[in-house]
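In case it helps, the numbering used here puts the sequence shown at residues 4 to 345.
The structure appears right after this line, and notes come after that.
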Amino acid sequence: LDPSWAKQEMWSGTVAVCRVGKLRLGASTKDLIICACNGEWCQHTEPLVVLVWDWPSKQVPNVSGDICHELYGITGCWLTTERQLLDQADVVVFPHTRLQPGRNRLPKERPPGQNWVWVSLESPSNTKALAGWNQTFNWVMTYRRDSDIFIPYGKLVPNRSATVNIPTKTNLVSWVISNYHRTQKRAEVYRNLSRYLHVNIYGKANKKPLCKDCLLPTTSKSKFYLAFENSIHQDYITEKLWRNSLMASTVPVVLGPPRANYEQFIPADSFIHVDDFGSLAELATFLKTMNSSRYRQFFAWQKRYSVKLYTDWRERICTICTAYPSLPRGHVYPDLESWFNT
4 LDPSWAKQEM WSGTVAVCRV GKLRLGASTK DLIICACNGE WCQHTEPLVV LVWDWPSKQV
64 PNVSGDICHE LYGITGCWLT TERQLLDQAD VVVFPHTRLQ PGRNRLPKER PPGQNWVWVS
124 LESPSNTKAL AGWNQTFNWV MTYRRDSDIF IPYGKLVPNR SATVNIPTKT NLVSWVISNY
184 HRTQKRAEVY RNLSRYLHVN IYGKANKKPL CKDCLLPTTS KSKFYLAFEN SIHQDYITEK
244 LWRNSLMAST VPVVLGPPRA NYEQFIPADS FIHVDDFGSL AELATFLKTM NSSRYRQFFA
304 WQKRYSVKLY TDWRERICTI CTAYPSLPRG HVYPDLESWF NT
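As C-alpha cells, this is what we get:
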C-alpha cells in the first residue's frame with residue numbers, strides 16, 4: 004500500500020481510514036482500495052479479474068489497461084490473456100471454438116472460488132464435442148436469453164431522437180449467403196420461393212462476395228431481405244437480422260425460431276415471418292403487391308429505437324463483470340450438451 008495517500012472521513016460516528024495501493028497484474032497495475040473502520044477492515048475493493056484462456060477470435064486485441072471502463076464504462080473489471088495470472092483470476096473464460104477435445108490444455112487445478120465460463124455464439128447444430136465437458140463449467144455465456152450471461156448478436160435501444168430513414172429501393176429482395184448447403188432448411192425455402200420472385204443473391208456462395216463496407220449499401224437497396232438463419236433454435240437470431248436487414252433499413256423476412264420468439268427481441272410489426280403464410284406462393288404475392296403505405300409501417304420502430312450491434316469480444320467479455328454480482332455460486336453444469344440442446 005502507498006502510505007503517502009490517506010483520507011479520513013466520518014459518518015454515523017464511524018471513522019474510516021482508506022489507503023490506495025497497487026495490484027499488479029502481469030505488466031499492468033490496478034488501484035486497490037482498503038479501508039479500516041474503527042480499527043477493523045471494513046472495505047476491500049479490488050477489480051474483478053477475468054482471464055480469457057484463449058481469445059475467441061483469431062485476432063487478439065489489446066486488453067491492457069482499464070479497457071472495460073475506457074471503452075464501455077464498466078468499472079472494476081480487469082481483462083487479461085496472461086495464463087500465469089490463473090491463480091489471481093476470479094473468472095476464467097473458455098470459448099468453445101478454442102476448446103480442444105479432451106482436457107489436456109485446460110488448467111490442471113481450479114483455485115477455490117474461481118468460476119469457469121463456457122462461451123459460444125454458434126447454434127447447437129454447429130457446436131460439436133460437447134459431451135466431454137460435463138461437470139466442468141460454472142456458467143454459460145451464449146445468445147440464449149436463459150444463459151447465465153446473455154450475449155445477443157444485437158438489440159434495439161431506445162433513441163428519442165430517432166427518425167424514420169428508408170433508403171431508395173431499386174430491387175425487391177436480396178440475400179447474402181456464404182455457406183449454402185442444399186440440405187439446410189433455408190436452402191429449401193429459397194429454392195421454392197425463387198420460383199415465384201427474383202432474389203438478388205450476394206456472398207461467397209454465389210461468387211459475389213461483398214466487402215465489409217459494401218454490405219449495408221447493397222442490402223439497403225432492397226425492399227426486403229431474407230434473414231434466414233443457418234439452423235433453427237431458440238433465441239438463435241444473428242447479424243442476418245440485426246445488421247444485414249434492420250441496420251440497412253430493409254424489411255427482414257425471417258426464417259428461424261417461431262414468431263413469438265422474434266417478438267421477444269423486436270416489435271411484431273417490424274418483420275415478416277415465413278411461417279405467417281400458408282405457402283411460399285402466398286409470401287411471394289404479399290411481397291410483390293405491397294403498397295408504399297403498408298411498406299412504411301414496417302419502419303415504425305425507427306421512431307423509438309436504433310440498432311446496437313455486438314461485434315467486439317471485449318465488450319461481450321466485459322459484461323461478465325456487470326452480471327457477476329447476481330450469478331449463482333457453487334453451480335456446475337452436470338450435462339452441458341443436454342442444456343444446450345434443450
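Using N, Cα and C, we set each Cβ at its ideal position, and we do this for glycine too.
Would you mind sorting residue i into buried or exposed? The rule is 16 or more other CB atoms within 10 Å of its CB.
i	result
Cys214	exposed
Asn233	buried
Asp238	buried
Cys217	exposed
Thr83	buried
Val160	exposed
Ala263	exposed
Gln187	buried
Asn41	In this prediction, Asn41 scores a pLDDT of 48, lower than 50, which makes its location untrustworthy; the coordinate-derived value is nonetheless stated afterwards. Looking at its Cβ environment, which holds fewer than 16 other Cβ atoms inside 10 Å, Asn41 is exposed.
His334	exposed
Ala92	buried
Arg297	exposed
Arg185	exposed
Ser150	buried
Leu229	buried
Ser225	buried
Do residue i and residue j have their C-beta atoms closer together than 7 Å?
i	j	result
Pro115	Trp81	no
Leu290	Phe231	no
Asn162	Ser252	no
Leu283	Asn195	yes
Thr325	Ile154	no
His236	Pro98	no
Glu340	Leu133	yes
Gly157	Leu330	no
Trp245	Ser60	no
Let me know the secondary structure DSSP gives residue i once reduced to three states.
i	result
Asn41	Residue placement at Asn41 cannot be trusted, given a pLDDT of 48 that sits under 50; the coordinates are not used to answer.
Tyr327	helix
Trp136	helix
Phe302	coil
Trp56	coil
Ile275	strand
Pro127	helix
Asn107	coil
Asn264	helix
Ser282	coil
Leu258	strand
Thr345	coil
Measuring CA to CA, which of the options is closest to residue i?
i	options	result
Asn294	Leu175, Glu340 and Ile204	Leu175
Asp272	Leu196, Arg163 and Phe301	Phe301
Gly259	Ile269, Thr241, Leu249 and Asn247	Thr241
Ser123	Phe140, His334, Ala132 and Thr100	Thr100
Arg319	Trp121, Leu89 and Ala92	Trp121
Trp142	Glu125, Thr345, Ile323 and Arg297	Ile323
Val94	Leu286, Arg332, His201 and Lys207	Arg332
Got a sec: does the ligand HEM put a non-hydrogen atom nearer than 6 Å to the Cβ of residue i?
i	result
Asn137	For the structure depicted, the ligand HEM is absent and the ligand set is empty, with no information on it obtainable.
Verify the CB distance criterion: does residue i have a CB-CB separation below 7 Å to chain D?
i	result
Thr325	Reference to chain D is not applicable here, since this structure consists of a single protein chain.
Exercise for the section: Mind listing, in chain order, the continuous alpha helix (DSSP H) runs of no fewer than 4 residues lying wholly within the stretch 210-254? Expected result: 218-222
Practice task
Could you pull out every unbroken alpha helix (DSSP H) segment of at least 4 residues lying fully inside the stretch 141-209, listed in chain order?
Solution key: 188-196
Practice task
Could you pull out every unbroken beta strand (DSSP E) segment of at least 3 residues lying fully inside the stretch 49-93, listed in chain order?
Solution key: 51-55 and 80-83
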